[in-house]
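In this note's numbering, the protein residues as written are 1 to 133. Beta carbons are placed, not taken as given, at the ideal position from N, Cα and C, and that holds for glycine. Note that the coordinates shown come from a computational prediction; the quantities given were computed from them, not determined experimentally.
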Amino acid sequence: MPIKILLARQILDATGKPTIEVDMVTELGLFRIGVPSTDYKKIAEAVQLRDGNPAEYNGMGVTSAVKNINTIIAPELIKQNLEVTMQKEIDQFMIALDGTENKSRLGANAIMAVSLVVAKAGGAKKGYRTLLS
Numbered sequence: 001m002p003i004k005i006l007l008a009r010q011i012l013d014a015t016g017k018p019t020i021e022v023d024m025v026t027e028l029g030l031f032r033i034g035v036p037s038t039d040y041k042k043i044a045e046a047v048q049l050r051d052g053n054p055a056e057y058n059g060m061g062v063t064s065a066v067k068n069i070n071t072i073i074a075p076e077l078i079k080q081n082l083e084v085t086m087q088k089e090i091d092q093f094m095i096a097l098d099g100t101e102n103k104s105r106l107g108a109n110a111i112m113a114v115s116l117v118v119a120k121a122g123g124a125k126k127g128y129r130t131l132l133s
């Protein structure tokens, strides 16, 4: 069950901070995930991409990470034609696509958002119910 469509957008989380929501379409339907706005400053190996424009959300926007999903990760991942149950391979592919030790090119927030929606779709494919709700 490969990915047919992968589309990201900026949303606001429960605290009003910008974060990423991703839609993925497979033969089983639409899967959506919104990731929390996490503080990656404490995690040395993960750089969260923020726009840095003080005029928009005090520089906390994530449109650059969203753009990376829509223009880099999505087309390349769809081209790979990987099954959504291949979580490890998809995660490794995105890390290699980023090409940095700290995920600073694509953004840890972008990679995490796609990884979580893949987990949700993969869980559905395998018949798990806890990831679906």
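What is the C-beta distance between proline 18 and serine 37, in whole angstroms, given that I count them as a contact (C-beta under 8 Å)?
Along the sequence shown, read from residue 1 onward, the residue named residue 18 stands at position 18. Along the sequence shown, read from residue 1 onward, the residue named residue 37 stands at position 37. Right, the Cβ-Cβ distance comes to about 7 Å (below 8 Å), so this counts as a contact.
How about isoleucine 111 and methionine 94: do their beta carbons lie closer than 9 Å?
Locating residue 111 in the sequence shown gives position 111, counting from the first residue. Locating residue 94 in the sequence shown gives position 94, counting from the first residue. Yes, the pair counts as a contact, with Cβ atoms nearer than the cut-off.
Alanine 46 - containing beta strand (DSSP E), residue span
In the sequence shown, counting from the first residue as 1, residue 46 sits at position 46. Careful: alanine 46 lies outside any beta strand (DSSP E) and carries neither H nor E.
Beta carbon of glycine 122, beta carbon of glutamate 83: below 9 Å?
Here the question's residue 122 lines up with position 122 in the sequence shown. Here the question's residue 83 lines up with position 83 in the sequence shown. Yes, they are a contact pair.
Nearest neighbour of threonine 59, chosen from Asp51, Leu6, Ser115 [CA to CA]:
Mapped onto the sequence shown, residue 59 falls at position 59. In the sequence as presented, threonine is not what sits at residue 59; that position holds glycine. Closest by alpha carbon: Asp51.
Residues bridged to phenylalanine 31 [DSSP beta-bridge criterion]
The residue you call residue 31 lines up with position 31 of the sequence shown. Phenylalanine 31 is bridged to Met24.
Give a yes or no on contact between the stretch 71 to 81 and the stretch 95 to 115, applying the rule of three or more CB pairs nearer than 8 Å.
yes
Apply the 10 Å Cβ neighbour rule to valine 5 and answer buried if 16 or more other Cβ atoms are within range, or exposed otherwise.
Residue 5 sits at position 5 when you count from the first residue of the sequence shown. Residue identity differs from the one stated: residue 5 is isoleucine in this sequence, not valine. It is exposed - the Cβ of isoleucine 5 has fewer than 16 other Cβ atoms within 10 Å.
Quick one: residues in its chain with C-beta nearer than 6 Å to the C-beta of serine 64, no 5 flanking neighbours on either side, listed in chain order?
Taking the first residue of the sequence shown as 1, we reach residue 64 at position 64. Leu49, Asp51.
Roughly how many whole angstroms lie between the Cα atoms of glutamate 101 and asparagine 81?
In the sequence shown, counting from the first residue as 1, residue 101 sits at position 101. In the sequence shown, counting from the first residue as 1, residue 81 sits at position 81. Going by the C-alpha atoms only, they are around 25 Å apart.
Three-state secondary structure (DSSP) of isoleucine 90
On the sequence shown, residue 90 is found 90 positions in, with the first residue counted as 1. The answer is helix: DSSP assigns isoleucine 90 an H, G or I state.
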